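One structure below.
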Amino acid sequence: MNIEVSHVAKTYGTVQAVQDLSFTIPGGQIFALLGPNGAGKSSLIRMLVGLTLPDQGHIRVTLAGQHYSTLPDGCFGYLPEDRGLYLDKTVVENLQYIGQLRGLSKHQITEQLDHWLQRLDLLDKRKENLSKLSKGNQQKVQLISCLMHQPALLILDEPFSGLDPINQEHVLTILAELKAKGTTVLLSAHQMALVERLADQMMLLNKGQVVAQGNLQQVTQQLDPKVSYSVTFADAIDTSQLDLCSSIRLWHMQAPQQFLLELREHVSVNQLLQQLSQLGALADFSRQQPSLHDLYLAAVQHHNLTPESAVSPSNEGAVA
Numbered sequence: 018m019n020i021e022v023s024h025v026a027k028t029y030g031t032v033q034a035v036q037d038l039s040f041t042i043p044g045g046q047i048f049a050l051l052g053p054n055g056a057g058k059s060s061l062i063r064m065l066v067g068l069t070l071p072d073q074g075h076i077r078v079t080l081a082g083q084h085y086s087t088l089p090d091g092c093f094g095y096l097p098e099d100r101g102l103y104l105d106k107t108v109v110e111n112l113q114y115i116g117q118l119r120g121l122s123k124h125q126i127t128e129q130l131d132h133w134l135q136r137l138d139l140l141d142k143r144k145e146n147l148s149k150l151s152k153g154n155q156q157k158v159q160l161i162s163c164l165m166h167q168p169a170l171l172i173l174d175e176p177f178s179g180l181d182p183i184n185q186e187h188v189l190t191i192l193a194e195l196k197a198k199g200t201t202v203l204l205s206a207h208q209m210a211l212v213e214r215l216a217d218q219m220m221l222l223n224k225g226q227v228v229a230q231g232n233l234q235q236v237t238q239q240l241d242p243k244v245s246y247s248v249t250f251a252d253a254i255d256t257s258q259l260d261l262c263s264s265i266r267l268w269h270m271q272a273p274q275q276f277l278l279e280l281r282e283h284v285s286v287n288q289l290l291q292q293l294s295q296l297g298a299l300a301d302f303s304r305q306q307p308s309l310h311d312l313y314l315a316a317v318q319h320h321n322l323t324p325e326s327a328v329s330p331s332n333e334g335a336v337a
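The sequence shown begins at 18 in the numbering used here and counts up by one.
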């Protein structure tokens, strides 16, 4: 399945939720939507699943050689931002009902339930009402409801929400396995360390517009084109000499004898090393690669936005 979005826009009253977005999600890849509240992620997802229509532009879905303007029913699993299962029903009752809505036979439902309940460690919870489950276990039931009909496309809005680090790893592994089998995945998430490991392509939105787009290396280059290195000298040096190095644009002392250097444009590593070696013997030298988390925060601050509290470099605040 391929998805092509071309010059799509959506306005609610006076608010431009999505502005002239164009991108492609190749089949069998994991595509991550990033951005703070109000960036346009949910508005874009709603258009993709056909809950709303774009005011301009078009969406083209290619599945088994056929072309569609919205996603065909039954071909996708959707985990919305607002969860929708029945808290007063058991895990099995909820999932059996979802399976019936998806047109699965009793045998298929039983087979899928056995597989996913075991895979996500919910077998002992199958007869419990959802209201009695932890937030993390409720989230796992929601995920199963998206997976049991084996869709060609998964659209997941915050799939790691409420999951502890162990269960986040379980879901990460499941998504990687589904990708290997050809499933296309579109996800919106704030666990940047997981997105770095998982996504083939990503797009950072701000106020409905694209801030950066591409693979991790391309997004990193777009958000932070600076080239920085960490250098540690074997002995103390005269720091005033760093100001005289033509290769160095800025420098910052991180610790005694350790410095963070930002290079000028068109300066090679060899040029830098040659100048540094004249200041003293080097004990360590490495390129500094900012994390996606740091780049996200920098982009948010640059655009005078307030980052969501849910954004985390790892798994802070996760629950079981």
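Virtual Cβ for every residue (Gly too), placed ideally from N, Cα, C.
Source: prediction; values computed, not measured.
Legend entry - aspartate 14 versus valine 202 - alpha carbon distance: The first residue shown for the chain is 18 and the last is 337, placing residue 14 beyond what the model contains.
Inset, instruction - Count the C-beta pairs between the segment 180-190 and the segment 208-217 that are closer than 8 angstroms, then say yes if the count reaches three, no if not. - result: yes
Legend entry - Neighbour-count burial assignment, valine 22, 16 or more Cβ in a 10 Å radius: The residue given as residue 22 occupies position 5 in the sequence shown. By the 10 Å Cβ count, valine 22 comes out buried.
Inset, instruction - For leucine 118, count neighbouring Cβ atoms within 10 angstroms of its own Cβ and tell me buried if that reaches 16, exposed if not. - result: Walking along the sequence shown from the start, residue 118 turns up at place 101. It is exposed - the Cβ of leucine 118 has fewer than 16 other Cβ atoms within 10 Å.
Legend entry - For arginine 77: DSSP bridge partner residues: Here residue 77 refers to the residue found at position 60 of the sequence shown. DSSP, once it has assigned bridges, lists Glu21 as partnering arginine 77.
Legend entry - Under 9 angstroms between C-beta atoms of glutamine 274 and alanine 251: On the sequence shown, residue 274 is found 257 positions in, with the first residue counted as 1. On the sequence shown, residue 251 is found 234 positions in, with the first residue counted as 1. Contact: yes.
Inset, instruction - Starting from the Cα of threonine 79, find the closest Cα among Lys149, Lys106, Pro43 and give me that residue. - result: Position 62 of the sequence shown, counted from the first residue, corresponds to residue 79. Per the Cα distances, Pro43.
Inset, instruction - Give the C-beta separation of alanine 26 and glutamine 36 to the nearest angstrom, bearing in mind that I take them to be a contact with Cβ-Cβ under 8 angstroms. - result: In the sequence shown, the residue the question calls residue 26 occupies position 9. In the sequence shown, the residue the question calls residue 36 occupies position 19. The pair is a contact, with the Cβ atoms about 6 angstroms apart (cut-off 8 angstroms).
Legend entry - Distance, serine 205 Cα to lysine 149 Cα: Residue numbering aside, residue 149 sits at position 132 when the sequence shown is read from its first letter. Residue numbering aside, residue 205 sits at position 188 when the sequence shown is read from its first letter. Whole-angstrom Cα-Cα distance: 27 angstroms.
Inset, instruction - Pick helix, strand or coil for tyrosine 103, following the three-state DSSP scheme. - result: Walking along the sequence shown from the start, residue 103 turns up at place 86. Three-state result, tyrosine 103: coil.
Legend entry - Cβ contact check for the segment 172-186 and the segment 111-127: 3 or more pairs under 8 angstroms: no
Legend entry - For glutamine 36, the three-state DSSP class (helix, strand or coil): The sequence position of residue 36 within the sequence shown is 19, counting from 1. In the structure shown, glutamine 36 sits in a strand (DSSP, three-state: E or B).
Inset, instruction - Could you say if the segment 53-71 and the segment 231-245 meet the contact criterion of at least three C-beta pairs nearer than 8 angstroms? - result: no
Legend entry - Nearest-angstrom Cα separation, counted from glycine 52 out to glutamate 128: Locating residue 128 in the sequence shown gives position 111, where the first residue counts as 1. Locating residue 52 in the sequence shown gives position 35, where the first residue counts as 1. Approximately 37 angstroms, taken between the alpha carbons.
Inset, instruction - Have a look at histidine 84 and cysteine 92 and give me their C-alpha separation to the nearest angstrom. - result: On the sequence shown, residue 84 is found 67 positions in, with the first residue counted as 1. On the sequence shown, residue 92 is found 75 positions in, with the first residue counted as 1. In a straight line, the C-alpha of histidine 84 is about 13 angstroms away from that of cysteine 92.
Legend entry - Euclidean distance between Cα positions of valine 336 and proline 307: Counted from its first residue, the sequence shown places residue 336 at position 319. Counted from its first residue, the sequence shown places residue 307 at position 290. Residue placement at valine 336 cannot be trusted, given a pLDDT of 46 that sits under 50; what the coordinates show is reported in the next sentence. Whole-angstrom Cα-Cα distance: 27 angstroms.
Legend entry - Straight-line Cα distance separating proline 176 from asparagine 332: Position 315 of the sequence shown, counted from the start, is the residue given in the question as residue 332. Position 159 of the sequence shown, counted from the start, is the residue given in the question as residue 176. Residue placement at asparagine 332 cannot be trusted, given a pLDDT of 47 that sits under 50; what the coordinates show is reported in the next sentence. Between asparagine 332 and proline 176, the C-alpha separation is close to 13 angstroms.
Inset, instruction - Look at the Cβ atom of threonine 41, then the Cβ atom of valine 66, and state whether they are nearer than 9 angstroms. - result: Translated into the one-based positions of the sequence shown, residue 41 becomes position 24. Translated into the one-based positions of the sequence shown, residue 66 becomes position 49. No, they are not a contact pair.
Legend entry - Alpha carbon of glutamine 305 to alpha carbon of serine 245, nearest angstrom: Here residue 305 refers to the residue found at position 288 of the sequence shown. Here residue 245 refers to the residue found at position 228 of the sequence shown. Rounded to the nearest angstrom, the two C-alpha atoms are 5 angstroms apart.
Inset, instruction - Give the straight-line distance between the Cα atoms of asparagine 223 and leucine 296, rounded to the nearest whole angstrom. - result: One-based indexing of the sequence shown puts residue 223 at position 206. One-based indexing of the sequence shown puts residue 296 at position 279. Rounded to whole angstroms, asparagine 223 to leucine 296 spans 44 angstroms at the Cα level.
Inset, instruction - Could you confirm whether any beta carbon from chain D is found closer than 9 angstroms to the beta carbon of leucine 290? - result: No chain D appears in the structure shown, which is made up of a single protein chain.
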